[in-house]
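Numbering (the UniProt record's numbering), first residue to last: 1 to 152.
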């Protein structure tokens with residue numbers, strides 16, 4: 001799994017003119033699921049997201065987690081995080097999991113995050129043409145990859 005995590009003051013997802021998810025103060029998480037990803041990847045990444053200390057404390061230092069600030073998560077599936085660009089100019093997405101695997105894993109991870117956070121995680125719509133609006137706070141943007149845990 002690959003995730004792009006952005007600390008935001010606000011974020012929303014709109015599909016066909018309807019808002020499907022909207023948050024203030026929290027994390028916008030773009031998640032890409034790879035064919036060989038397993039439940040352990042989901043659990044590891046979920047724990048990292050919930051405990052990641054990227055919110056400012058009283059001294060302005062990044063010492064607080066999303067739980068510490070009672071923050072929210074907007075969770076968006078994005079297969080393009082697995083784009084391969086070795087040949088030519090058109091990316092290949094062959095490493096991204098097929099929808100039959102990716103969608104259930106995306107929804108399961110959203111439920112898992114909701115349990116860990118003790119509140120509903122906001123979602124996009126899997127496979128839809130989504131419009132994401134956000135105000136990145138900082139800016140703070142972190143990339144994580146469950147296949148490279150030693151560096152995260």
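Even for Gly, the Cβ is constructed at its ideal location relative to N, Cα and C.
Note that the structure is a prediction, hence the values are computed from the model and not measured.
Alpha-carbon to alpha-carbon, residue j and residue i
i, j, result
"residue 109", "residue 43", "8 Å"
"residue 117", "residue 50", "7 Å"
"residue 115", "residue 87", "42 Å"
"residue 89", "residue 142", "26 Å"
"residue 130", "residue 17", "10 Å"
"residue 63", "residue 73", "18 Å"
"residue 65", "residue 100", "33 Å"
"residue 138", "residue 151", "22 Å"
"residue 133", "residue 13", "7 Å"
"residue 149", "residue 57", "26 Å"
"residue 54", "residue 85", "31 Å"
"residue 39", "residue 61", "33 Å"
"residue 95", "residue 59", "42 Å"
"residue 71", "residue 19", "19 Å"
"residue 156", "residue 48", "Given a span of 1 to 152 for the chain in the structure shown, any question on residue 156 remains unanswerable."
Own chain residues within Cβ distance below 8 Å of residue i, not counting five before or after
i, result
"residue 83", "91, 92, 93"
"residue 135", "8, 9, 10, 11"
"residue 97", "33, 34, 35, 37, 79, 105"
Contact under 8 Å by Cβ, residue i with residue j
i, j, result
"residue 75", "residue 103", "no"
"residue 31", "residue 78", "yes"
Cβ neighbours of residue i in the same chain (closer than 7 Å, five flanking residues each side left out)
i, result
"residue 41", "1, 146"
"residue 21", "12, 13, 74, 122, 123, 124"
"residue 69", "25, 55"
Neighbourhood of residue i by C-beta, 6 Å cutoff - its chain only, sequence neighbours within 5 removed
i, result
"residue 6", "28, 136, 141"
"residue 4", "30, 143"
"residue 128", "15"
"residue 81", "2, 32"
CB contact below 8 Å: residue i versus chain D
i, result
"residue 36", "Absent from the structure is chain D; it holds one protein chain and no more."
Contact belief for residue i with residue j at Cβ below 8 Å, rounded distance in angstroms
i, j, result
"residue 113", "residue 46", "5 Å"
**Message:** For the pair the segment 119–126 and the segment 13–29, tell me if three or more CB-CB distances fall below 8 Å.
**Reply:** yes
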